[in-house]
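There are 2 protein chains.
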Amino acid sequence: MEEVKVDLGVRSYQIKVGEDLLKDIGTYLTELEIGSKVLIITNDLVDSLYGQEVKDSLKEVGFTVEVAKIGDGEKYKSLETAQQLYDQAVVAGLDRSSSILALGGGVVGDIAGFIAATYMRGVNFIQVPTTLLAQVDSSVGGKVAVNHAAGKNLIGDFYQPQLVVADINVLSTLEEKELKAGLAEVIKYGVIWDEEFFTFLEDNYKEILTLEPQQVQHLIKVSCQIKAAVVAQDETERGLRAILNYGHTLGHALEAVTDYQYYRHGEGVAIGMLGAAKLAHQIGWLDKADVIRQQRLIENFGLPTSFSQWSVDEICQALTKDKKVEDGVIRFILAKEIGEVEIIADLEENLIKEVTQELKVGDEK
Amino acid sequence: MEEVKVDLGVRSYQIKVGEDLLKDIGTYLTELEIGSKVLIITNDLVDSLYGQEVKDSLKEVGFTVEVAKIGDGEKYKSLETAQQLYDQAVVAGLDRSSSILALGGGVVGDIAGFIAATYMRGVNFIQVPTTLLAQVDSSVGGKVAVNHAAGKNLIGDFYQPQLVVADINVLSTLEEKELKAGLAEVIKYGVIWDEEFFTFLEDNYKEILTLEPQQVQHLIKVSCQIKAAVVAQDETERGLRAILNYGHTLGHALEAVTDYQYYRHGEGVAIGMLGAAKLAHQIGWLDKADVIRQQRLIENFGLPTSFSQWSVDEICQALTKDKKVEDGVIRFILAKEIGEVEIIADLEENLIKEVTQELKVGDEK
C-alpha cells in the first residue's frame, strides 16, 4: 500500500492506494476521530460486488452501519435524490459526529459528498472510489455536487473527505469503457504537470490496459499526487486549480450538446484534450510533435480523438454556457509543452471554431 | 456609520452599521471584486418597503439586477424553495463572478446564503439584513441553511458573506414582536462574553425599545463585534462557537415541540436562557442574583420567561434530537458569571427535567 497526503492544513487527509484494502476499511476508520454511525451511500451493482465486505469490516470494529442506495447514472445525481438521502440520513439517526461513506464511482462520490457537506452543515466524509475515474480524480480534492437541468454539477460545494481508500482490485470488475474513460484524466495529469509521467504512460499503456498491479498502483499514486499538489495550492479554484480542467472546456461542451447521453465524461475530455493541443499549436505554444504524442496516447488508450455527427456551431454555443465562464469570458487551458500549461482567456472565436471543425472531420495522419 | 471586521483570513469581511445605508449599497458593492450581475433574494413585504431603493442604488453604478422573491416564513426555507431559486439563478444568467444579495430577515438570509454557497460551488454573497435578529446574529458568521421536516437548519453550510450592511433605519418598520425576538440574542451576547454590555442593556432598555439611533447602533455594533470575535476563533463550530448557542438548547426544544409555529426563535431562546441560568445556579456556578438579573432583563425587553401549555417530557425528549447532540450527548452552555460561559456535557437528566418543570409553572418572584 502507498499513501498520498493531500495537504490542506486542518483539512488534510490521506489517500491509501493498494491491493485488497476494502477488508481493512473498518480499521482505517478507527484511526479517524469519528462517531459510531456510518451511512454507506452506494448503488445496487457496487453494493452487490463490495457492499458486504465493507459492511463487515466496519461492523467488526464496532461501527453501526446503514446503507442507502441510489440509481446508477448521472440522472440520479439530482436534488431529488439528495432529498431522499437527507431523509435516509435522518432515519439512520446520523449526528454531527457520524460519517457518510461513498462506495462507488463519481456519481455516488459526488452526491454522497454533497450530502456529507450539507447534512447538519457537514459530517465526516469517506471516499471509497470503485472506478478508475473516481480513484484518480473525482474522489480527491473535495469537489462535490449534484446536477441541475441547466448544467452538470451546477449545485455543489468544496468539501474535503477525511480519507480516500483506492483499492486497485475493484478495477477488475470495471467495464472496459469505464476504465478507458478514467485514463483520459490520467493523460491530463501528464500534460499539465509531469512529462516523466506522460512518458511512463506511453511506455506502459499495454500493461495499464491489462491492469498489471504494479503499473496501475503507480498510475493512481502519481495521479493523486499531482491532483493533491494542485488542490493544496488552490482549494477552491481561484486560480491554479483551473488547470485540472485541461481538455474539459471543449469536453464539457461536447457532453452538453449530446445531453450527457452519448459520451462518457472521459471520452469528452479525450476529444477536448486533442482540441486544446491543436489550439495550443495554432497559437504557437505547442510543437506539432507534442500534439501527435497526445493524439497517439489518447488513441493507444482506446479513447476517441474526433467526433462526427454533432454541430460545430452548437458546440461553440455550449462553450459560452459552461459554469467556468465568468462575465462572458471563456477560458482554455493550453500547453506550452507536455508537463506545463497556462490559462488563456482571449482566444479568438474563429480559431476555436476552426479547431472544433478540425476535430469533426478528423485529422489526417 | 461604524464598521466591524470579521477576521477570517482570506474570507474576512466588513459589517457596516449605521443610518440610511441602503441608498449607498451600489457604491459599497463596487468596492468588492465582483462581476456585474446581482440577484436579490427577498420577499414581497421587504421588497415593497426597500426593494426599489436597493435596486436603484445597484443599477446606478452599473450592476445588472434581477429579483427573486420567496414566501414569508420558516416553511419557505425549504429545499423546494431552493430548487426554485437555483432555477431563477440560471434564468438570471448568474456565473461564478456574480453575486446573490439577501434583502430580508433570517429566513431570506439563510436560504439566500445556502444558494450562494452551492450555486456553481459558491458565488459572492451580500447580506442586507432587515430585522434586528438578522442584523445582530444570523447575517454574521456564515451559517446558512434550509429546513428539513426532521429539523430546522438540518441542511446547510458554513459560507461567509463578502459584506454585511445593517441599516438601522429599517428597524422602524419592524413589528414589535420581531424587534423583541432579536433582543433575546443581544442579551445572549452580554451573558456569554461581556458584562459591561449586559449592564449597558440593563441601563438603556427603554431607549433601545424606542429605537434611539445612538443606543441601537451601539447595540448592533457590539453584538456584531462579539459574534465576530467568537466566529474568528472557531468558524465551523468545533469548539468555542458553541457558546453562541447559549439558551438555544432548551429554546430549540421548545420550538420543536410547538412545530416552530408558536414561538419566535428569540422567544424560545429567552425562555431557554432563563433555563440555562437556573441550571447554572443549580450546579453552583451562577449566583442567584445573576439569575434574577437575566430574568429581569428578559422581562424588561418584553420577552417570555416561562411557558404553560407544553409537556415537560416532550421538551426533554426533543432535547435529544437536536442536531447539536453528538453520539447521544446533550450539551448545555452555562454561565459561571455574567460575561463568562462554559460548555457542559454531563448534566443529569433529572436536573434538566426539574428546571424545565420550574419554567413551566413559572418562578415565584
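Line by line, the protein sequences are chains G and B. First residue of the first sequence? That's 162 in this note's numbering, and the numbers climb one at a time after it. First residue of the second sequence? That's 162 in this note's numbering, and the numbers climb one at a time after it. We treat Cβ as the ideally placed atom computed from N, Cα and C, and that holds for glycine. All values reported here derive from a predicted model rather than from experimental measurement.
Proximity winner among the options, relative to residue i (alpha-carbon distances)
i: B/V301; options: B/G270, B/H309 and B/D181; result: B/G270
i: G/G303; options: G/H409, G/E396 and G/V383; result: G/E396
i: B/D507; options: B/E339, B/V486 and B/G500; result: B/V486
i: B/I505; options: B/D233, B/A390, B/K484 and B/Y407; result: B/Y407
i: B/A311; options: B/T188, B/K484, B/F493 and B/L512; result: B/K484
i: B/S258; options: B/G267, B/Q478, B/A278 and B/E163; result: B/A278
i: G/V284; options: B/L315, B/T371, B/G266 and B/Q296; result: B/L315
i: B/V228; options: B/S209, B/E241 and B/L240; result: B/S209
i: G/Q321; options: G/A342, G/K341, G/A273 and G/E336; result: G/A273
i: G/D474; options: G/E510, G/Q213 and G/D217; result: G/E510
i: G/I369; options: G/E241, G/E337 and G/V252; result: G/E337
i: G/V325; options: G/K230, G/G400, G/D185 and G/I513; result: G/D185
i: B/T371; options: B/I329, B/A403 and B/V165; result: B/I329
i: G/S197; options: B/A253, B/G317 and B/G489; result: B/G489
Residue i versus residue j - alpha carbon distance
i: G/L332; j: B/I381; result: 58 Å
i: B/L182; j: B/Q375; result: 15 Å
i: G/V215; j: G/L411; result: 38 Å
i: B/V307; j: B/K238; result: 5 Å
i: B/E515; j: B/P465; result: 19 Å
i: G/H379; j: G/C385; result: 10 Å
i: B/Q478; j: B/G267; result: 27 Å
i: B/K449; j: B/H309; result: 39 Å
i: G/E373; j: G/V207; result: 22 Å
i: G/E339; j: G/V305; result: 20 Å
i: B/E163; j: B/V377; result: 12 Å
i: B/T481; j: G/I195; result: 19 Å
i: G/Y424; j: G/V430; result: 9 Å
i: B/Y280; j: G/I287; result: 23 Å
i: G/G445; j: G/A403; result: 21 Å
6 Å Cβ shell around residue i - same chain, five flanking residues per side excluded
i: G/V199; result: L219, F224, V226, S260 and L262
i: G/W354; result: I387
i: G/I348; result: L458
i: B/W471; result: V418
i: G/K341; result: F462, G463 and L464
i: G/E356; result: I499 and G500
Supposed contact pair residue j and residue i - C-beta distance, whole angstroms, cut 8 Å
i: B/L255; j: B/V289; result: Contact doesn't hold; Cβ gap of about 18 Å is too wide.
i: B/G433; j: B/L415; result: 7 Å
i: B/Y421; j: B/E235; result: 5 Å
i: B/F358; j: B/Y350; result: 6 Å
i: G/E363; j: G/D298; result: Actually they are not in contact, since the Cβ atoms of G/E363 and G/D298 sit about 20 Å apart, beyond 8 Å.
i: G/H426; j: G/L294; result: 7 Å
i: G/F493; j: G/A437; result: 6 Å
i: B/R282; j: G/F319; result: 6 Å
i: G/T517; j: G/I476; result: 6 Å
i: G/L193; j: G/Q323; result: 5 Å
i: B/Q455; j: B/V352; result: 7 Å
i: B/L240; j: G/L435; result: Their Cβ separation, rounded to whole angstroms, is 41 Å, which puts B/L240 and G/L435 out of contact at 8 Å.
i: G/L401; j: G/Q443; result: With a Cβ gap of about 24 Å, G/L401 and G/Q443 do not count as contacting.
Cβ neighbours of residue i in the same chain (closer than 7 Å, five flanking residues each side left out)
i: B/Y211; result: L183, L264, T291 and V331
i: B/V528; result: Past the boundaries of the shown model lies residue 528 of chain B; chain B is included only from 162 to 526, so the question cannot be answered.
i: G/V222; result: G187, T188 and T191
i: G/E503; result: L495 and K497
i: G/Q296; result: P290, A327 and I381
i: G/L335; result: T292 and L293
i: B/G343; result: T292, L293, L294, V297 and G427
i: G/R399; result: none
i: B/A253; result: K198, L200 and E227
i: G/H409; result: V430 and G433
Residues near residue i in its chain [Cβ-Cβ closer than 8 Å; skip 5 each side]
i: B/I276; result: I202, A243, L246, Y247, A250 and I261
i: B/A441; result: L447, V452, L495, A496 and K497
i: G/F468; result: L415, I432, L520 and K521
i: G/D233; result: N204, D205, L206 and V268
i: G/V383; result: Y350, D355, F358 and F361
i: B/Q213; result: none
Proximity test, residue i beta-carbon vs the ligand NAD heavy atom, cut-off 6 Å
i: G/G187; result: Among the components modelled here there is no ligand, and therefore nothing to report on the ligand NAD.
Where are the beta strand (DSSP E) runs, 3 residues long or more, that stay fully inside the stretch 224–272 of chain B, in chain order?
225–231 and 260–265
Which ranges would you report for the beta strand (DSSP E) in the stretch 273–311 of chain B if only whole runs of at least 3 residues count?
285–290 and 304–309
Going along the chain, which unbroken runs of the beta strand (DSSP E) with 3 or more residues stay wholly within the stretch 296–382 of chain G?
304–309, 312–319 and 324–328
Entirely enclosed alpha helix (DSSP H) segments - the stretch 384–421 of chain B, minimum 4 residues:
409–418
Unbroken alpha helix (DSSP H) runs of length 4 or more, entirely within the stretch 170–198 of chain B: which are they?
186–191
Jot down the residue ranges of each uninterrupted beta strand (DSSP E) in the stretch 466–523 of chain G, minimum 3 residues, whole runs only, in chain order.
493–498 and 501–505
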